[in-house]
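Here the protein sequences line up with chains A and B, keeping their order.
This note's numbering applies: residue 50 is where the first sequence begins, and numbers increase by one.
This note's numbering applies: residue 563 is where the second sequence begins, and numbers increase by one.
The beta carbon of each residue, even a glycine, is placed where N, CA and C say it ideally should be.
Read through the structure below, which is laid out as structure tokens, and then see the notes.
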Amino acid sequence: MENPIIRLENVDKWFSQFHVLRGIDFSVKQGERIVVCGPSGSGKSTMIRCINGLEHYEGGRITVGGELVSQGDDNIEKIRQRVGMVFQSFNLFPHLSILDNLTLGPIKLRRLPRAAAEAQAMELLERVHIGHQARKFPNQLSGGQQQRVAIARALAMEPDVMLFDEPTSALDPEMVKEVLDVMIELAGTGMTMICVTHEMGFARAVADRVVFMDNGAIAEVGTPDAFFSAPRTERARQFIQQVIH
Amino acid sequence: MTEAALISDTPRRATAMASAPARIALWLRRRIFASWRDALLSLVVVLILGAIAWTILPWALFKATWSAASRADCAPGGACWGFVAAKASQFIYGFYPPLERWRPDTVFALLIAGLTWLMVPRIPGKGYAGLFMMVVLPVVTFVLLHGGVAGLPVVPSDKWGGLLLTLILAVSGISFSLPFGALFALGRRSRMPLVRWLCIGFIEFCRGVPFITVLFMAIVMLPFFLPSGMKPDPLALAVAGIIFYEAAYMAEVVRGGLQALPKGQYEAAMAIGFGYWRTMLYIILPQAIRKVVPGIVNTTISLLKNTTLVMVVGLFDLLNIVSAGVADPLWVGSQAEGYFVVGLVFWLMSFGLSCYSRAIEGGFARADRA
Numbered sequence: 050m051e052n053p054i055i056r057l058e059n060v061d062k063w064f065s066q067f068h069v070l071r072g073i074d075f076s077v078k079q080g081e082r083i084v085v086c087g088p089s090g091s092g093k094s095t096m097i098r099c100i101n102g103l104e105h106y107e108g109g110r111i112t113v114g115g116e117l118v119s120q121g122d123d124n125i126e127k128i129r130q131r132v133g134m135v136f137q138s139f140n141l142f143p144h145l146s147i148l149d150n151l152t153l154g155p156i157k158l159r160r161l162p163r164a165a166a167e168a169q170a171m172e173l174l175e176r177v178h179i180g181h182q183a184r185k186f187p188n189q190l191s192g193g194q195q196q197r198v199a200i201a202r203a204l205a206m207e208p209d210v211m212l213f214d215e216p217t218s219a220l221d222p223e224m225v226k227e228v229l230d231v232m233i234e235l236a237g238t239g240m241t242m243i244c245v246t247h248e249m250g251f252a253r254a255v256a257d258r259v260v261f262m263d264n265g266a267i268a269e270v271g272t273p274d275a276f277f278s279a280p281r282t283e284r285a286r287q288f289i290q291q292v293i294h
Numbered sequence: 563m564t565e566a567a568l569i570s571d572t573p574r575r576a577t578a579m580a581s582a583p584a585r586i587a588l589w590l591r592r593r594i595f596a597s598w599r600d601a602l603l604s605l606v607v608v609l610i611l612g613a614i615a616w617t618i619l620p621w622a623l624f625k626a627t628w629s630a631a632s633r634a635d636c637a638p639g640g641a642c643w644g645f646v647a648a649k650a651s652q653f654i655y656g657f658y659p660p661l662e663r664w665r666p667d668t669v670f671a672l673l674i675a676g677l678t679w680l681m682v683p684r685i686p687g688k689g690y691a692g693l694f695m696m697v698v699l700p701v702v703t704f705v706l707l708h709g710g711v712a713g714l715p716v717v718p719s720d721k722w723g724g725l726l727l728t729l730i731l732a733v734s735g736i737s738f739s740l741p742f743g744a745l746f747a748l749g750r751r752s753r754m755p756l757v758r759w760l761c762i763g764f765i766e767f768c769r770g771v772p773f774i775t776v777l778f779m780a781i782v783m784l785p786f787f788l789p790s791g792m793k794p795d796p797l798a799l800a801v802a803g804i805i806f807y808e809a810a811y812m813a814e815v816v817r818g819g820l821q822a823l824p825k826g827q828y829e830a831a832m833a834i835g836f837g838y839w840r841t842m843l844y845i846i847l848p849q850a851i852r853k854v855v856p857g858i859v860n861t862t863i864s865l866l867k868n869t870t871l872v873m874v875v876g877l878f879d880l881l882n883i884v885s886a887g888v889a890d891p892l893w894v895g896s897q898a899e900g901y902f903v904v905g906l907v908f909w910l911m912s913f914g915l916s917c918y919s920r921a922i923e924g925g926f927a928r929a930d931r932a
């Protein structure tokens with residue numbers, strides 16, 4: 050693959066005795082949309098958390114834009130600024146207003162003047178359809194709204210890549226769509242995205258490739274159509290039946 | 563019966579509609595004499611309060627002598643407030659030379675300005691207010707009170723006393739013990755073992771030793787370690803002692819708040835690209851400290867009262883200055899009046915702190931609920 054933006058080479062990781070990632074080899078091109086799925090405990094979240102250094106990995110190497118990801122290194126903070134992350138549990142900062150949640154990073158890390166940071170934040174909040182809530186605090190918003198703010202907060206750092214770690218799993222069913230719609234719109238802008246999700250509709254709508262993980266290893270990679278209609282492994286077939294039912 | 567029905571059905575409406583005397587009657591019936599048990603309890607409380615007032619009021623007010631030139635002018639059996647009036651300036655300034663008292667007055671004014679700036683939520687620029695209290699005010703206070711520059715005569719620190727000294731000790735203790743406490747709390751949770759051991763050792767040492775011991779050791783033992791002829795200033799020792807001793811307690815309070823924060827907050831801050839210090843400063847500590855405001859105020863109040871222990875190193879703070887006052891042959895035997903007033907001043911300061919704490923807790927609670 051030509052100049053991948055993210056490259057994982059033979060990555061291994063253990064949680065003490067437990068081998069969570071087994072020889073992961075995987076690359077993502079600029080502008081690609083990847084959906085990662087698999088049964089729980091298969092290492093999906095751990096893999097994407099390794100990409101921005103929230104987890105250590107013990108073997109192999111991970112690079113983002115050619116830079117080696119290694120925890121404790123000073124450049125990890127620079128890499129994290131280029132890799133946005135959205136969590137399952139939103140993790141907004143409850144002591145800051147919605148606007149301040151979005152502007153803190155740009156002001157302190159990108160050295161943006163406050164006015165510019167606020168203008169950019171308002172634009173992003175409009176993009177995630179939440180502009181009128183800017184002065185409120187996180188716990189005044191619904192889960193779906195909070196998750197859209199979290200997406201906007203990650204985008205405020207103008208990242209090259211966005212990682213989504215089960216962004217809709219903690220939401221009530223009626224709020225899943227509003228978050229997925231925002232993610233689909235984001236995909237339309239050409240953002241490079243890696244999404245850990247079980248939302249198969251989303252995968253079919255935007256994914257260039259689906260990565261199926263099982264037991265710490267990548268079991269299958271394919272286009273959404275090929276993966277969902279003709280999975281090559283028995284494990285993937287079982288999994289698809291369970292999530293579609 | 564109709565009255566009772568009115569009370570139980572819509573108590574608030576009924577209260578709001580009734581006239582003033584009826585409202586009081588209703589309040590008495592509902593809150594004080596609701597049942598015979600409540601009535602009995604209320605009566606006991608009233609009796610206790612009455613007995614206390616019965617002992618204090620005649621002494622403090624009815625039989626008191628309000629102005630007097632010496633103890634001999636005062637009627638026996640009543641308070642002799644002439645003592646407090648005569649020694650008021652000593653209670654406030656200690657032995658600060660009368661001609662130079664505009665200097666402590668300026669310090670008081672700056673302190674009130676700084677506190678107002680810091681504590682009134684509507685005034686902007688809290689960061690600068692903090693800088694003023696932590697850097698500008700201590701330097702200005704020292705230069706102004708000590709003198710020796712710009713033609714100001716030197717007033718050595720053993721002349722400072724009374725309320726002035728108590729406020730110097732308390733404000734410097736309060737301003738610095740929280741930041742240092744936060745640092746020790748972070749150090750105690752550090753991943754670097756040497757930093758962690760040092761912080762644990764320091765915190766456990768301070769918490770395990772009475773404050774008086776720390777002061778004694780500082781004043782008696784420190785000169786052995788300093789070059790001969792160098793005598794540490796007792797006030798500087800007392801200030802440093804209070805700051806670090808109370809910082810150990812603050813550290814444990816702040817640690818409680820740190821432990822209550824979910825891991826997601828650290829991860830979200832790191833994922834944006836914040837390093838350790840920025841994560842702590844902008845994300846973790848503001849939330850941790852909000853969670854433990856009552857504990858911080860509790861420690862602050864105990865700090866305020868601990869400042870009176872500096873009498874063991876020979877400082878005349880607001881409490882100890884009373885003993886200097888009664889050493890005056892004119893006023894022998896006036897301890898009760900002196901300690902009564904000093905107690906009142908300490909109580910007012912502590913009560914003010916707890917009122918302020920309740921106000922900001924209320925503010926945080928509204929922000930959380932809203």
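Are residue i and residue j close, meaning C-beta to C-beta below 8 Å?
i	j	result
arginine 753 (chain B)	alanine 813 (chain B)	no
tryptophan 621 (chain B)	alanine 641 (chain B)	yes
valine 85 (chain A)	isoleucine 97 (chain A)	yes
threonine 883 (chain B)	glycine 723 (chain B)	Looking at the sequence itself, residue 883 (chain B) is isoleucine, so the reference to threonine does not match. Yes, they are a contact pair.
phenylalanine 213 (chain A)	threonine 246 (chain A)	yes
valine 198 (chain A)	asparagine 124 (chain A)	no
glycine 639 (chain B)	lysine 649 (chain B)	no
glycine 250 (chain A)	valine 259 (chain A)	no
glutamate 175 (chain A)	leucine 148 (chain A)	no
valine 903 (chain B)	isoleucine 858 (chain B)	no
glycine 265 (chain A)	leucine 70 (chain A)	yes
Is any beta-carbon of chain B found at less than 8 Å from that of residue i?
i	result
methionine 134 (chain A)	yes
glutamate 107 (chain A)	no
glycine 192 (chain A)	no
methionine 206 (chain A)	yes
proline 143 (chain A)	yes
glutamate 295 (chain A)	Lying outside 50 to 294, the shown extent of chain A, residue 295 (chain A) is not represented and no answer is given.
leucine 117 (chain A)	no
glutamine 196 (chain A)	no
serine 218 (chain A)	no
serine 94 (chain A)	no
leucine 235 (chain A)	no
glycine 114 (chain A)	no
glutamine 130 (chain A)	yes
lysine 62 (chain A)	no
If we count the other Cβ atoms within 10 Å of its Cβ and call it buried at 16 or more, is residue i buried or exposed?
i	result
leucine 693 (chain B)	exposed
arginine 82 (chain A)	buried
cysteine 99 (chain A)	buried
tryptophan 616 (chain B)	exposed
serine 597 (chain B)	exposed
arginine 769 (chain B)	exposed
aspartate 274 (chain A)	exposed
glutamate 829 (chain B)	buried
Against chain A, with Cβ distances strictly below 8 Å, would residue i count as a contact?
i	result
arginine 684 (chain B)	no
glycine 925 (chain B)	no
arginine 933 (chain B)	This structure does not reach residue 933 (chain B), given that chain B is present from 563 up to 932, and the question cannot be answered.
methionine 832 (chain B)	yes
phenylalanine 786 (chain B)	no
arginine 663 (chain B)	no
glutamine 849 (chain B)	yes
glutamine 652 (chain B)	no
methionine 563 (chain B)	Because methionine 563 (chain B) carries a pLDDT of 42, less than 50, the predicted location of this residue cannot be relied on, and the following value inherits that uncertainty. No, because no Cβ of chain A sits closer than 8 Å to the Cβ of methionine 563 (chain B).
phenylalanine 836 (chain B)	yes
Can you determine whether any heavy atom of the ligand MN sits closer than 7 Å to the C-beta of residue i, and answer yes or no?
i	result
glutamate 172 (chain A)	Among the ligands in the structure shown, none appear at all, so the ligand MN cannot be discussed.
3 or more residues per run - each beta strand (DSSP E) lying fully within the segment 635-698 of chain B = none
Three or more beta-carbon pairs under 8 Å between the segment 234-247 of chain A and the segment 182-193 of chain A, yes or no?
-> no
Inter-stretch contact (C-beta, 8 Å, three-pair minimum) for the segment 869-885 of chain B and the segment 800-813 of chain B | yes
Cβ pair count under 8 Å reaching 3, the segment 58-72 of chain A against the segment 205-212 of chain A = A contact is defined here as three or more CB-CB pairs under 8 Å, and the segment 58-72 of chain A fails this definition with respect to the segment 205-212 of chain A.
Would you be able to state if there are at least three C-beta pairs under 8 Å between the segment 660-668 of chain B and the segment 883-895 of chain B?
-> The answer is no - the segment 660-668 of chain B does not touch the segment 883-895 of chain B, with fewer than three Cβ pairs under 8 Å.
Counting only runs that start and end within the segment 739-817 of chain B, where is the alpha helix (DSSP H) found for 4 or more residues in a row?
-> 755-770 and 773-787
Counting only runs that start and end within the segment 179-229 of chain A, where is the beta strand (DSSP E) found for 3 or more residues in a row?
-> 210-214
Given 8 Å, three or more beta-carbon pairs between the segment 845-863 of chain B and the segment 813-828 of chain B = The segment 845-863 of chain B and the segment 813-828 of chain B touch, with no fewer than 3 CB-CB distances between them shorter than 8 Å.
Using 8 Å as the Cβ pair cut-off and three pairs as the minimum, do the segment 855-870 of chain B and the segment 734-741 of chain B touch?
-> Short answer: they touch.
Okay, do the segment 824-838 of chain B and the segment 123-141 of chain A touch, 3+ Cβ pairs below 8 Å being the bar?
-> Contact between the segment 824-838 of chain B and the segment 123-141 of chain A is present, because at least three Cβ pairs lie under 8 Å.
Which full runs of the alpha helix (DSSP H) of 4+ residues lie inside the segment 78-148 of chain A, going along the chain?
-> 93-100 and 124-131
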